[in-house]
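A.B. asks:
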Amino acid sequence: MLTRPTSTSPEATIRAPPIPAGGAYTSGFRQRVSPEISPVAATIAVRARVKLLLVWLGATLCASVPALAQDTDGKATDSPAIEEVVVVGSLIRRREVYEGRAPVQTLDAALFDSVGAAQGVDILSSLTANTGSYLATQQNYLQGVAQFSLRGVGLSSTLTLINGRRAGSAPVSNDVGQSFFDINTLPVLMIERVEILRDGASATYGSQAVAGVANIVTRKAFTGFELAGGYRDATNRAYDIGFASGFETARGHIALYGTWYEQDENFRTEFDWMIPRAIDPDGDGNIVEGSFDSGRGSPGSFRRAVVNPDGTYSPYQVGGLDTPRFPDADCQAGGGYPSGRLCRMDFSDQRTMIAAERRAQLFADAEYHFDDARTLFGEVGYSVNEVTDRVGNMLLFRGNVERTNEFFVPANHPFNFWT
601 MLTRPTSTSP EATIRAPPIP AGGAYTSGFR QRVSPEISPV AATIAVRARV
651 KLLLVWLGAT LCASVPALAQ DTDGKATDSP AIEEVVVVGS LIRRREVYEG
701 RAPVQTLDAA LFDSVGAAQG VDILSSLTAN TGSYLATQQN YLQGVAQFSL
751 RGVGLSSTLT LINGRRAGSA PVSNDVGQSF FDINTLPVLM IERVEILRDG
801 ASATYGSQAV AGVANIVTRK AFTGFELAGG YRDATNRAYD IGFASGFETA
851 RGHIALYGTW YEQDENFRTE FDWMIPRAID PDGDGNIVEG SFDSGRGSPG
901 SFRRAVVNPD GTYSPYQVGG LDTPRFPDAD CQAGGGYPSG RLCRMDFSDQ
951 RTMIAAERRA QLFADAEYHF DDARTLFGEV GYSVNEVTDR VGNMLLFRGN
1001 VERTNEFFVP ANHPFNFWT
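Just so you know, we're using the working numbering here: the sequence shown kicks off at 601 and counts up by one.
#1: Return yes when the Cβ of E862 is within less than 8 Å of the Cβ of Y839, no when it is not.
#2: Are T975 and E986 closer than 8 Å when you measure CB to CB?
#3: Tell me which same chain residues have a C-beta within less than 6 Å of the C-beta of Y805, skipping the five on either side of it?
#4: How far does the alpha helix (DSSP H) with S779 in it extend, from its first residue to its last?
#5: Quick one, are the C-beta atoms of Q778 and S807 less than 8 Å apart?
#6: Below 6 Å CB to CB, which residues in the same chain sit around F847 once its five sequence neighbours on both sides are set aside?
#7: By DSSP's criteria, R766 is part of a beta bridge. Which residues make up the other side?
#8: Counting beta carbon pairs with one atom in the segment 788-802 and one in the segment 842-861, are three or more of them shorter than 8 Å?
#9: In angstroms, rounded to a whole number, what distance separates the CA positions of G842 and Q705?
#10: Determine whether the beta carbon atoms of S726 and L711 lie at a separation below 8 Å.
#11: Identify whether Q808 lies in helix, strand or coil by the three-state DSSP scheme.
#12: Between which residues of its own chain and A770 is the CB-CB distance below 8 Å, once the five residues before and five after are set aside?
#13: Taking the beta carbon of N815 as the centre, do at least 16 other beta carbons fall within 10 Å, making it buried, or is it exposed?
#14: Report yes if the C-beta distance between V753 and V813 is below 8 Å; otherwise report no.
#15: State the Cα-Cα distance for the pair D972 and H853, rounded to the nearest angstrom.
#16: If the criterion is Cβ atoms closer than 8 Å, does the pair A717 and I723 meet it?
#17: Would DSSP call T818 helix, strand or coil?
#18: Would you list the one or two residues that DSSP bridges to G935?
#19: Comparing alpha-carbon positions, which option in D910, M874, A929 lies nearest C943?
#20: Looking only at C-alpha atoms, which of V980, D989, N908 sits nearest to M953?
#21: Looking at S948: is its Cβ nearer than 8 Å to the Cβ of R868?
#22: When you compare only the Cα positions, how much space is there between N774 and Q743?
#23: Short of 6 Å in beta carbon distance, which residues of its chain neighbour T626, apart from the five on each side in sequence? Order them along the chain.
#24: Does DSSP put V721 in a helix, in a strand, or in coil?
#25: Can you list, in chain order, the residues of its chain whose CB lies under 6 Å from that of S914, leaving out five sequence neighbours each side?
#26: Apply the 10 Å Cβ neighbour rule to L750 and answer buried if 16 or more other Cβ atoms are within range, or exposed otherwise.
#27: If you reduce the DSSP assignment to three classes, tell me which class S749 lands in.
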């Protein structure tokens, strides 16, 4: 009878096949062969190797964690701490170097001091990308205001931000209804820097940023008191005085800025290099069209009065027709010039090229930090601007009164040259 081998040696044992029914083996055998791994043994070996590999990887990762933490701590010690990051132009994370077609241009307070900026409009002189702005000295109803207009696309196509938030619109607009933010409402001393994105950012900010974005960053970290002033006396006299004050607590910061600006007016006659607007090319006394000349005079024409049957005077002839009109006989002596049946006048010399202006500005901002995740902030500004522009003397004009209420010059008047 065959017995099962009990040897635990690594020798492979070949077992005899089972005894078929009805027969018997006459002898059994056990043969020693070269070692070979059975399928069961191979599976056990593979599992053992996998476990060994996992243990090795775990040990490697555990050993690497302190090294990574040590490297991170070392870099944090060498690099300066960043208190605040303001993203201009995009809300998408980018590399440190901006990869757009037009990188962000920064104008800082040191530049404003070097150019003697006393008001917001003075900042535009340092910005070559600004085209098409209505400046403070232009002769229209937008005198005293200034705004960003990047790349000449239009006033309403440049978005102005204050500390990364949209600034409000001015109470006036240009002749085509475009709104804008008036940078002349801000004290210059409150500005730490101006960041200019000279590329379209409509995907982030909408249609107001088609031309670009101008972000005005205030001096949030300013503490103490600063006083500045200036006086100019070139074509006109102008002076300004401003202050900046701020203090910081353990949980917050508050700052107040203010400016007072005033300038005198200038008439055209004060500039000898300006060409007179009343141009007479051929010397016949007729002024070319498009000049600053009056439509009529002050007064510009007269009608000979007709004596009515009741003794009153009327500018009508018999039959209801007007009497002929003729110019003032003393037109040229009075500074006018004859033009057909009118005595007209050139009022360009009586117009201001630079208007008188007075401006007061205040701006305050405050922050209070409840904790690292919650902050209460506020920004408020106040500005008043008064512009005095002179466009010429008042003309003597009757308006739409009845013809019987015309002005009459008595026959015995000393300046009645027709008697």
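Glycine is no exception: its CB is placed at the ideal position from the N, C-alpha and C atoms.
C.D. replies: Reading off the structure:
#1: Position 239 of the sequence shown, counted from the first residue, corresponds to residue 839. Position 262 of the sequence shown, counted from the first residue, corresponds to residue 862. For Y839 and E862, yes; Cβs fall inside 8 Å.
#2: Taking the sequence shown and counting its residues from 1, one reaches residue 975 at position 375. Taking the sequence shown and counting its residues from 1, one reaches residue 986 at position 386. The answer is no: Cβ separation not under 8 Å.
#3: Counting from one through the sequence shown, the residue named residue 805 turns up at place 205. So the list reads L759, once near-sequence residues are dropped.
#4: On the sequence shown, position 179 is the one that residue 779 refers to. It is not in any alpha helix (DSSP H) - S779 carries neither H nor E in the DSSP assignment.
#5: Within the sequence shown, residue 778 is the residue found at index 178, counting from 1. Within the sequence shown, residue 807 is the residue found at index 207, counting from 1. No, the pair does not count as a contact, with Cβ atoms beyond the cut-off.
#6: Here residue 847 corresponds to residue number 247 of the sequence shown, with the count starting at 1. For F847, where only same-chain residues beyond five positions count, the Cβ hits under 6 Å are T823.
#7: By 1-based counting over the sequence shown, the position of residue 766 is 166. Note: R766 sits in a beta bridge opposite L761.
#8: yes
#9: By 1-based counting over the sequence shown, the position of residue 842 is 242. By 1-based counting over the sequence shown, the position of residue 705 is 105. For G842 and Q705, the distance between alpha carbons rounds to 26 Å.
#10: Residue 726 sits at position 126 when you count from the first residue of the sequence shown. Residue 711 sits at position 111 when you count from the first residue of the sequence shown. Their beta carbons are under 8 Å apart, which means S726 touches L711 by this criterion.
#11: Translated into positions along the sequence shown, residue 808 becomes position 208. It is helical.
#12: Translated into the one-based positions of the sequence shown, residue 770 becomes position 170. Here the set comprises V745, Q747, S779, F780, F781, D782, T785.
#13: Position 215 of the sequence shown, counted from the start, is the residue given in the question as residue 815. Counting Cβ neighbours within 10 Å, N815 comes out buried, since at least 16 surround it.
#14: Mapped onto the sequence shown, residue 753 falls at position 153. Mapped onto the sequence shown, residue 813 falls at position 213. Cβ distance not < 8 Å, so V753 and V813 don't count as in contact.
#15: Here residue 972 refers to the residue found at position 372 when the sequence shown is read from its first residue. Here residue 853 refers to the residue found at position 253 when the sequence shown is read from its first residue. Cα to Cα, D972 sits roughly 15 Å from H853.
#16: Indexing the sequence shown from 1 puts residue 717 at position 117. Indexing the sequence shown from 1 puts residue 723 at position 123. Going by C-beta atoms, A717 is nearer than 8 Å to I723.
#17: Counting from one through the sequence shown, the residue named residue 818 turns up at place 218. T818: strand per DSSP, three-state reduction.
#18: Your numbering for residue 935 matches position 335 in the sequence shown. In DSSP, G935 forms no bridge with anything.
#19: Numbered from 1 along the sequence shown, position 343 holds the residue referred to as residue 943. When only C-alpha atoms are compared, the closest one is A929.
#20: Translated into positions along the sequence shown, residue 953 becomes position 353. Among V980, D989, N908, the Cα nearest to that of M953 belongs to D989.
#21: Position 348 of the sequence shown holds residue 948. Position 268 of the sequence shown holds residue 868. Yes, these two residues count as a Cβ contact at 8 Å.
#22: Within the sequence shown, the letter at position 174 stands for residue 774. Within the sequence shown, the letter at position 143 stands for residue 743. Their Cα atoms are separated by approximately 11 Å.
#23: Within the sequence shown, the letter at position 26 stands for residue 626. For T626, the predicted structure reports a pLDDT of 38, less than 50, and the residue's modelled location is therefore unreliable. The matter cannot be settled from this model.
#24: Here residue 721 is taken as the residue at index 121 of the sequence shown, counted from 1. It is helical.
#25: Here residue 914 is taken as the residue at index 314 of the sequence shown, counted from 1. Excluding positions up to five away in sequence, the list reads V906, N908.
#26: Along the sequence shown, one-based indexing puts residue 750 at 150. By the neighbour-count rule (16 or more Cβ atoms within 10 Å), L750 is buried.
#27: Reading the sequence shown from its first residue, position 149 is the one you call residue 749. Coil, per DSSP.
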